[in-house]
Ligand SMILES: Nc1ncnc2c1ncn2[C@@H]1O[C@H](COP(=O)(O)OP(=O)(O)OP(=O)(O)O)[C@@H](O)[C@H]1O
Ligand SMILES: [Mg+2]
């Protein structure tokens with residue numbers, strides 16, 4: 001254990017010494033001596049103080065010397081920037097001080113489920129207008145990512161007024177994104193994790209509320225805080241945004257690694273909406289390349305058609321999806337978990353997209 | 363049309379005159395036919411000889427001008443700017459775009475051209491602008507599918523709220539029900555809200571009657587499905603009365619427009635709502651209420 005504050009060091013180590021589950025090998029006041037001397041013990045768990053930004057210089061060294069150890073950064077209070085930096089350095093995660101041995105066990109379990117010790121991939125689903133196939137895509141992709149990556153995947157329904165994800169998964173969850181937004185200032189990762197409902201292996205859902213007026217109660221910044229802490233807990237975070245440009249869709253998509261912009265081909269005018277959307281995002285994001293256009297219900301769903309659309313919007317198109325009425329009606333009616341016709345162009349395209357995300361190609 | 367235009371107009375003026383009647387078209391899911399409805403209502407009311415102004419208040423991605431192939435010079439954005447800089451001199455009519463086809467004509471207030479401008483539209487300015495348009499017989503408001511402060515203000519000033527739904531998939535039914543319950547919770551009189559089922563005769567797994575039971579209210583109007591005619595109308599940039607004069611959908615819009623020209627009945631369309639069953643999953647709850 002590394003802890004610069006002597007009083008805190010005493011508190012934490014005192015609790016650990018009385019625990020049957022842990023054997024405290026040694027404690028240090030600073031990083032340098034810890035890194036130099038720990039190798040004589042071969043520890044499998046580090047609890048290292050990351051309240052001081054200096055820590056991030058030494059953390060990669062720990063990860064390199066002890067690749068198989070669990071390394072938890074200890075924080076006096078939740079700090080999304082520090083937590084992100086810590087995972088960027090390759091350490092397992094964070095724990096908030098003071099903590100009990102039981103807290104450590106819970107936290108380690110959380111990260112065991114999470115998967116690789118890397119920052120999360122945050123994927124948002126934006127659409128200029130509704131009825132674009134946005135939610136269907138988010139749900140199908142989340143399922144496939146959970147299945148293939150064997151890491152934890154969370155879906156957040158940020159379409160606060162008319163979120164449809166609870167219907168897709170046939171759930172009436174106890175906690176909603178509104179509760180999360182309210183409580184977020186008081187939460188820690190391990191206290192926040194239970195707000196998510198386990199839908200199926202590796203897939204967790206934070207639902208929208210059932211009354212549209214509750215959306216009023218949430219500030220965009222609160223939702224950003226929710227997303228940042230959730231990103232710490234889950235390896236993949238998929239967020240269904242409300243349609244159009246509003247404080248929430250803008251603020252949350254700013255934090256994405258991938259922002260899928262989804263429009264459904266209907267009268268053909270949607271292509272113009274897509275172009276306006278991409279232009280606006282381009283102006284907003286500067287050099288950040290995170291916006292990936294997707295068209296749904298493209299008929300015929302061919303490479304030529306894709307190129308035609310690309311010419312119209314003067315932008316590369318990430319994927320086009322066909323009209324798959326049967327599949328969509330299954331997905332839309334709460335039967336998504338009980339098997340979908342896999343042998344369809346729609347599912348194959350989803351599968352390809354999931355592979356590319358896992359491989360880090362997007 | 364059963365009644366001659368002049369008779370209707372006369373009949374109405376006797377009934378107290380039609381001026382500044384605000385009719386809004388609202389839904390809680392996108393793509394439910396609000397814009398199609400708004401345009402065709404405006405067209406049929408204009409055909410009856412009324413002065414009609416159609417306002418596209420789907421500010422970011424409004425479709426009215428696209429569906430009518432209009433290229434407006436001024437929009438709500440300029441109207442608001444000028445109103446704010448000189449309210450005394452401001453005349454809302456100067457910012458309208460006239461839609462004319464053959465001998466049909468009505469006015470359109472176009473939505474801002476840029477999304478940035480759309481973001482800046484202010485509710486109280488819109489209210490003031492609409493006040494100035496009260497000289498029109500009818501003001502039709504095409505809204506966005508969301509509960510926003512703008513939409514609530516518009517629903518407040520509307521004489522009639524057409525609440526449109528396509529009830530093909532479960533999420534749409536859920537949003538239709540949740541949206542209706544919210545309107546009632548917000549204390550809009552159920553008399554003012556007209557439930558309109560769009561694409562009522564399309565192939566779907568959910569029956570209109572079941573949705574009526576779920577909501578506890580009957581549809582006051584049903585619009586049939588006619589994808590081809592709608593597409594023809596949008597592609598040609600003309601209302602359905604020109605693109606598909608004989609389509610049942612066109613007739614249905616005509617009837618809907620006519621219904622505003624009759625003194626509005628107060629007969630209740632209320633029916634016994636399906637009982638809510640707590641502590642069950644959303645799906646089984648809805649399915650149960652839908653009689654599945
Ligand atoms: N009665 C109908 N029959 C067939 N197709 C219809 C009908 N009504 C609407 N549609 C189809 O639905 C599409 C969406 O209609 P419209 O643009 O009027 O919906 P909206 O509610 O205004 O959508 P948004 O909320 O996105 O503005 C139309 O382009 C048309 O293809
Ligand atoms: Mg519309």
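Chains as they are written, first to last, in the working numbering: chain V, 1 to 362; chain E, 363 to 654.
Glycine included, every Cβ here is placed at the ideal spot set by N, Cα and C.
Exposed unless 16 or more other CB atoms sit within 10 angstroms - verdict on residue i
i: residue 302/V; result: exposed
i: residue 409/E; result: buried
i: residue 486/E; result: exposed
i: residue 445/E; result: buried
i: residue 338/V; result: exposed
i: residue 331/V; result: buried
i: residue 364/E; result: Bear in mind that a pLDDT of 40 at residue 364/E, under 50, signals an unreliable position, so the number given afterwards is only what the model happens to contain. The residue in question, residue 364/E, is exposed, as its Cβ has fewer than 16 Cβ neighbours within 10 Å.
i: residue 378/E; result: Note that residue 378/E scores a pLDDT of 46, beneath 50, so its modelled location is shaky; the value from the coordinates is reported in the next line. It counts as exposed.
i: residue 186/V; result: exposed
i: residue 159/V; result: buried
i: residue 229/V; result: buried
i: residue 102/V; result: exposed
Chain E contact for residue i (CB, 9 angstroms cutoff)
i: residue 295/V; result: no
i: residue 328/V; result: yes
i: residue 135/V; result: yes
i: residue 68/V; result: no
i: residue 332/V; result: yes
i: residue 365/V; result: No statement about residue 365/V is possible, as the shown extent of chain V runs from 1 to 362 and does not include it.
i: residue 341/V; result: no
i: residue 215/V; result: yes
i: residue 132/V; result: yes
i: residue 264/V; result: yes
Same chain only: Cβ atoms within 6 angstroms of residue i, ignoring 5 sequence neighbours per side
i: residue 635/E; result: 578
i: residue 530/E; result: 566
i: residue 477/E; result: 422
i: residue 404/E; result: 414, 416, 468 and 502
i: residue 596/E; result: 429
i: residue 392/E; result: 507
i: residue 132/V; result: 262, 263 and 264
i: residue 583/E; result: 558 and 618
For residue j and residue i, the rounded distance between their alpha carbons
i: residue 117/V; j: residue 265/V; result: 39 angstroms
i: residue 372/E; j: residue 471/E; result: Only weak support exists for where residue 372/E lies, its pLDDT of 38 falling under 50; the value from the coordinates is given anyway. Using only the alpha carbons, I get a separation of about 28 angstroms.
i: residue 614/E; j: residue 523/E; result: 18 angstroms
i: residue 11/V; j: residue 283/V; result: 51 angstroms
i: residue 560/E; j: residue 455/E; result: 32 angstroms
i: residue 44/V; j: residue 70/V; result: 6 angstroms
i: residue 380/E; j: residue 396/E; result: 23 angstroms
i: residue 356/V; j: residue 599/E; result: 41 angstroms
i: residue 633/E; j: residue 419/E; result: 32 angstroms
i: residue 170/V; j: residue 459/E; result: 47 angstroms
i: residue 532/E; j: residue 322/V; result: 21 angstroms
i: residue 13/V; j: residue 104/V; result: 13 angstroms
i: residue 252/V; j: residue 434/E; result: 33 angstroms
Closer than 9 angstroms to chain V by CB, residue i
i: residue 546/E; result: no
i: residue 367/E; result: Low per-residue confidence applies at residue 367/E: pLDDT is 42, beneath 50, and the placement is therefore not dependable enough to give any value.
i: residue 474/E; result: no
i: residue 481/E; result: yes
i: residue 370/E; result: Only weak support is given to the placement of residue 370/E: the predicted model assigns it a pLDDT of 42, under 50, and the value that follows is read from those uncertain coordinates. Chain V contact via Cβ: absent.
i: residue 428/E; result: yes
i: residue 400/E; result: no
i: residue 506/E; result: yes
i: residue 611/E; result: no
i: residue 567/E; result: yes
7 angstroms CB neighbourhood of residue i in its chain, flanking five on each side removed
i: residue 249/V; result: 126, 241 and 242
i: residue 363/V; result: There is simply no residue 363/V to check, as chain V begins at 1 and stops at 362 in what is shown.
i: residue 539/E; result: 576 and 577
Contacts that residue i makes with chain E (C-beta to C-beta distance below 7 angstroms)
i: residue 267/V; result: 593 and 596
i: residue 304/V; result: The premise fails here: residue 304/V is roughly 21 angstroms from chain E at the closest Cβ pair, so nothing lies under 7 angstroms.
i: residue 280/V; result: 477
Cβ of residue i within 9 angstroms of any chain A Cβ
i: residue 390/E; result: Absent from the structure: chain A. Protein chains present are V and E.
Within chain V, the residues that residue i reaches when beta carbons sit closer than 8 angstroms
i: residue 624/E; result: Per Cβ cutoff of 8 angstroms: no residues; residue 624/E is ~33 angstroms from chain V at best.
i: residue 536/E; result: 164 and 167
i: residue 423/E; result: 128, 129, 244, 273 and 276
i: residue 531/E; result: 328, 329, 332 and 333
Chain-ordered neighbours of residue i on chain E, where CB pairs are closer than 8 angstroms
i: residue 240/V; result: Ordered by position in chain E, no residue passes the 8 angstroms Cβ test against residue 240/V, which lies about 12 angstroms from the chain.
i: residue 212/V; result: 390, 509, 540, 541 and 544
Within chain V, the residues that residue i reaches when beta carbons sit closer than 7 angstroms
i: residue 382/E; result: Ordered by position in chain V, no residue passes the 7 angstroms Cβ test against residue 382/E, which lies about 29 angstroms from the chain.
Neighbour list for residue i in chain V, Cβ cutoff strictly below 9 angstroms
i: residue 393/E; result: 129, 130, 131, 132, 264 and 266
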